[in-house]
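Presented below is the structure to which this report refers.
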Amino acid sequence: MTLVAEDLLLLLLDDEKGTLAASSQLHLGLGGALLVELALAGAVEVEEKRGFWHSAKVRPTGVEVEEPLLREALATVAAKERTAQDLVNRLGKGVKKDLLASLERRRMVERRTGTVLGLFPRTTWPAVDSTHEDAVRRALTAALVSGAEPDDRTRALVALLHALGRAHRTVEHQGMSGGEVRKRAKALADGDWAAKAVKDAIAASTAAVTTAVAAGGAAAGSS
Numbered sequence: 218m219t220l221v222a223e224d225l226l227l228l229l230l231d232d233e234k235g236t237l238a239a240s241s242q243l244h245l246g247l248g249g250a251l252l253v254e255l256a257l258a259g260a261v262e263v264e265e266k267r268g269f270w271h272s273a274k275v276r277p278t279g280v281e282v283e284e285p286l287l288r289e290a291l292a293t294v295a296a297k298e299r300t301a302q303d304l305v306n307r308l309g310k311g312v313k314k315d316l317l318a319s320l321e322r323r324r325m326v327e328r329r330t331g332t333v334l335g336l337f338p339r340t341t342w343p344a345v346d347s348t349h350e351d352a353v354r355r356a357l358t359a360a361l362v363s364g365a366e367p368d369d370r371t372r373a374l375v376a377l378l379h380a381l382g383r384a385h386r387t388v389e390h391q392g393m394s395g396g397e398v399r400k401r402a403k404a405l406a407d408g409d410w411a412a413k414a415v416k417d418a419i420a421a422s423t424a425a426v427t428t429a430v431a432a433g434g435a436a437a438g439s440s
C-alpha cells in the first residue's frame, strides 16, 4: 500500500511532463501527509489545546510502525515535544527525494535528467504506470463531485489538497464549478473523522500548510 504522502505526490506530478505543482509549499504538504499517516496508524496524538497562547504538542503513543519513512518520522516526533506546525516543516524537509525514489521502485514514475535552454540541469518524473493514481483520483472524484462518503485516507488527501489550493484542480468537475468543489473539499476536511487523533492531526497539518500558502501569496502580491 502506498503512503498518503506518495499519493499526494503522484497527484501533484504532471504525468507527461513529470513536473510538480505547488512546489513552493510541497514540503509542508508532504510533512503533513506523514504526520497524518502516523495518526492514522495510531502512532501519534495531538494534545488538547489548553489556551490561546498554548501551542498543542504532538506525542508518540507507543505504537510502532513498519515502513522506513514512517519510522524515521516517528523518531523525529519522539525526539522532542514539538508543535504540529514545527513537525510538518521538519518532516517535510528532504522527504520528496525519498518518496520519488519509492515511486520509481514501484515503477509508477521514472527519473529523467535533462537541461533547460541547454544549460541548466533539470530532473523530471513522468508517469510510467498510472493505474494506482487513476484509482486514487477516482476516489477523490467520487468524494468531491459525486458526494460519496470517503474513507479516512481519501479524506486526508482531500484536506491536504485543499490546504494547498489544489483540490479543485485534481478532479474533473463534471458540471460543478471550481468554487463548489472547493466548498465540498473544505466540508470534508472540517467534518467528522473516525478518530479524534486523526482529526486533530489533519487540523494542525492543514493549518500549517494553509498559513504558508497564504504567506507565499501575500509575498508574491507585494513583489
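Under our numbering, the first residue of the sequence shown is numbered 218, with each subsequent residue one higher. We put the CB at the ideal spot given by N, CA and C, even for glycine. The structure displayed is predicted, hence computed values, not measured ones.
With 16 as the cutoff for other CB atoms within 10 Å, does residue i come out buried or exposed?
i	result
residue 368	exposed
residue 340	exposed
residue 330	exposed
residue 351	exposed
residue 250	buried
residue 418	buried
residue 323	exposed
residue 307	buried
residue 228	buried
residue 279	exposed
Does the beta carbon of residue i come closer than 9 Å to any beta carbon on chain B?
i	result
residue 307	The structure shown contains no chain B; it holds only a single protein chain.
When you compare only the Cα positions, how much space is there between residue i and residue j?
i	j	result
residue 218	residue 413	23 Å
residue 409	residue 416	8 Å
residue 285	residue 364	35 Å
residue 338	residue 247	24 Å
residue 242	residue 387	16 Å
residue 282	residue 355	28 Å
residue 426	residue 383	12 Å
residue 224	residue 254	12 Å
residue 252	residue 290	8 Å
residue 295	residue 263	13 Å
residue 327	residue 258	29 Å
residue 439	residue 432	Annotation note: pLDDT 48 at residue 439 (below 50); position unreliable, coordinate value reported separately. Spanning the two alpha carbons is a distance of roughly 11 Å.
residue 393	residue 362	7 Å
residue 292	residue 277	9 Å
residue 311	residue 317	11 Å
residue 332	residue 222	28 Å
residue 305	residue 256	13 Å
residue 349	residue 235	16 Å
residue 366	residue 297	36 Å
residue 391	residue 336	42 Å
Judging by CA-CA distance, which residue of the options is the nearest neighbour of residue i?
i	options	result
residue 321	408, 347, 388, 385	347
residue 381	429, 301, 262, 319	429
residue 232	400, 311, 260, 343	343
residue 389	325, 406, 304, 358	358
residue 373	386, 345, 403, 243	403
residue 319	423, 220, 419	220
residue 353	345, 366, 370	370
residue 302	422, 253, 398	422
residue 375	394, 395, 399	399
residue 245	378, 345, 317, 276	378
residue 397	273, 420, 411, 360	360
residue 325	345, 333, 309, 240	345
residue 309	406, 407, 336, 226	226
residue 299	288, 234, 420, 275	275
residue 424	261, 230, 272, 237	272
residue 238	313, 261, 288	313
With respect to the beta strand (DSSP E) encompassing residue i, which residues constitute its N-terminal and C-terminal limits?
i	result
residue 274	274-277
residue 263	261-263
residue 330	329-333
residue 340	337-341
Need the endpoints of the alpha helix (DSSP H) that residue i sits in, please.
i	result
residue 371	369-380
residue 354	348-361
residue 220	No alpha helix (DSSP H) contains residue 220, which DSSP labels as neither H nor E.
residue 237	Residue 237 -> no alpha helix (DSSP H), and no H or E assigned at all.
residue 280	Neither: residue 280 is in no alpha helix (DSSP H) and is coded neither H nor E.
residue 407	395-407
Quick check: is any heavy atom of the ligand FAD less than 8 Å from the C-beta of residue i?
i	result
residue 347	Only the bare structure without any ligand can be found here, which leaves the ligand FAD out of the picture.
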